[in-house]
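Please read the structure below before turning to the comments.
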């Protein structure tokens, strides 16, 4: 610890104190962030909607194509560290926002280090056990500034992120799902299951969701980001708890239907146990149309291996194309999955697929 910050260094020799000061100066010099990348002339303005690991995968790909990138993140998480902070302090759940910020950290040493730091969780069984460092940092700035958007801007500047992260709404939300067969003894009965963490692992088949409070307000900056984008990317991610909630915030849903941006829906690589277990690719599209019947989509990206004998089995491609057409979209089959056999998007393959779609499926103006 350093004397000049008002903390004593009793017990350290002058040589040891000098060693610490020299090391501190080297640390600061070594970890100084690289200059923020300049926007590429004509680069597309992209707004990505989602949450959790799915949104992180999309952002990791999209940041390779543009610096004009905004993430709009769901705020319904009620489990783990986010759920504890939400319950104790009444704040937005910070976890998915933290993951989006980490995905947008720079590729230099500063960015990689901060990405790891904010994802680091405290160990042990005490009050700090299980909390992510980034969650506490975000909540601290929320309490200090009283403005969730400005606080996230400050975190973004600290991390030197390439883009911007916004909450979907400025109020914490709950998800309530209608689930058929939640009670195995009554497989045909519909039950209400409340809470993101519960919906994510529910037995039975999720039929639909709603948000509580109903008709929540959107963050104005999120609506603006959708209206001003060249492309809006929805998915991948947990279908009912990360993707669909954006379509149930009235002003955000209205912006999605009125924007001049092109709209891209990215399908998951596999059904999710609990949430979409047993779903076909067509069923994923059908529930989007059920929750947002006025939403038109320009392109739907599907991993070709996932629907030709992969996690979805051998899909009905003709039926999938018809489901896409009903949404006004062209079905795009491409290779976007990692080669290690896990249902995980490869950032470089996903970026290449996005780039091809942006260039060939209609665009507002040229870029690059």
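Numbering (this note's numbering), first residue to last: 6 to 373. Ideal placement from N, C-alpha and C gives every residue a C-beta, glycine not left out.
Asked, Found
"First through last residue of the beta strand (DSSP E) which encompasses residue 213", "210 to 217"
"Beta-carbon proximity check, residue 84 vs residue 197, cutoff 9 angstroms", "no"
"Rounded separation between residue 89 and residue 141 - CA only", "11 angstroms"
"Three-state secondary structure (DSSP) of residue 55", "strand"
"Touching by the beta-carbon criterion (3+ pairs, under 8 angstroms), the segment 106 to 122 and the segment 204 to 218", "no"
"Cα-Cα separation between residue 308 and residue 274, rounded to whole angstroms", "7 angstroms"
"Residue 108 and residue 60 closer than 9 angstroms at C-beta", "yes"
"Collapsed DSSP secondary structure at residue 360 in the structure displayed", "helix"
"Residue of 296, 346, 327 and 333 minimising C-alpha distance to residue 310", "346"
"Assigned exposure category for residue 237 - 16 Cβ within 10 Å defines buried", "buried"
"Beta-carbon proximity list for residue 233, same chain, < 7 angstroms, skipping 5 on both sides", "50"
"Three-state secondary structure (DSSP) of residue 172", "strand"
"Option in 99, 177, 284 and 298 with minimal Cα separation from residue 316", "284"
"Three or more C-beta pairs below 8 angstroms linking the segment 282 to 302 and the segment 344 to 361", "no"
"Residue 109 (DSSP reduced to helix, strand or coil)", "coil"
"Reference residue 3, options 87, 132, 210 and 328, closest by Cα", "Residue 3 lies beyond the stretch modelled for the chain, which goes from 6 to 373, so this question has no answer here."
"Pairwise C-alpha distance: residue 332 and residue 294", "7 angstroms"
"Helix, strand or coil at residue 144 [DSSP, three-state]", "helix"
"First and last residue of the uninterrupted beta strand (DSSP E) at residue 337", "335 to 339"
"Exposure label - residue 361; buried when at least 16 CB within 10 Å", "exposed"
"Simplified DSSP assignment, three categories, for residue 277", "coil"
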